[in-house]
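S.K.:
Residue numbers (my numbering): 11 to 211.
1) To the nearest angstrom, how far is it from the Cα of residue 36 to the Cα of residue 169?
2) Who are the near neighbours of residue 111 in its chain, counting only those whose CB is closer than 7 angstroms to its CB and skipping five residues on each side?
3) Going straight from the alpha carbon of residue 104 to that of residue 194, what length do you get?
4) Measuring only the C-alpha atoms, how far is residue 102 from residue 117?
5) What would DSSP say about residue 198, mapped onto helix, strand or coil?
6) Buried or exposed: which applies to residue 89, given that a residue is buried once 16 or more other Cβ atoms fall within 10 Å of its Cβ?
7) Among 160, 74, 173, which residue has its Cα nearest to the Cα of residue 192?
8) For the beta strand (DSSP E) that contains residue 122, what are its first and last residues?
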């Protein structure tokens, strides 16, 4: 899925604001979300641009900011007091773009933005089974619930997460505490059977 098509999809996703399609369950909360089997430790990399395939072996096939073949990582707590004191991923360019392979069944993370109050466009966009599944506003300026827990049912899977700010006007998105589950090779066939059964109903 190209960056152009992802951004185009994000532009029309306002109709999904705060909701998700069947098979995708999203909980935005103040308390920490569950930690899944694959944990991305941004404190172990950077500061600087981290190659987008750094975590491919764990199932995060690609992680970029849309302008570079990787993602900037650094400690921005001195500039934004509502961020943790440690490395976070920075989506200053066009946002943050994650692709999972195999597709993920659960994802949890923290998300912040300095873009101001949530607007008509921008936020977290979830693609499941190559279809746009939902859009959710991040916490902005430290106000709001920062934790997201994304789970799946009925054979659905998460292939891509897109994080953008409305207008792309020199605003930043940050994520941390990213973890996810991707199915073991033997479980992929079971997911496919579940998805087929769901389509036949």
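Glycine included, every Cβ here is placed at the ideal spot set by N, Cα and C.
M.R.: On the basis of the data shown:
1) Numbered from 1 along the chain shown, position 26 holds the residue referred to as residue 36. Numbered from 1 along the chain shown, position 159 holds the residue referred to as residue 169. Each residue's Cα considered, the two are about 15 angstroms apart.
2) On the chain shown, residue 111 is found 101 positions in, with the first residue counted as 1. These residues qualify, in order along the chain: 69, 71.
3) Locating residue 104 in the chain shown gives position 94, where the first residue counts as 1. Locating residue 194 in the chain shown gives position 184, where the first residue counts as 1. So the alpha carbons of these two residues sit roughly 32 angstroms apart.
4) Here residue 102 refers to the residue found at position 92 of the chain shown. Here residue 117 refers to the residue found at position 107 of the chain shown. Each residue's alpha carbon lies about 22 angstroms from the other.
5) The residue given as residue 198 occupies position 188 in the chain shown. At residue 198 the pLDDT is 48, less than 50, meaning the model places this residue with poor confidence; the figure from the coordinates comes in the next sentence. Residue 198 falls in the helix class under three-state DSSP.
6) Within the chain shown, residue 89 is the residue found at index 79, counting from 1. By the 16-neighbour rule on beta-carbons within 10 angstroms, residue 89 is exposed.
7) Taking the chain shown and counting its residues from 1, one reaches residue 192 at position 182. The option with the nearest alpha carbon to residue 192 is 160.
8) Taking the first residue of the chain shown as position 1, residue 122 is located at position 112. Residue 122 -> beta strand (DSSP E) spans 116 to 123.
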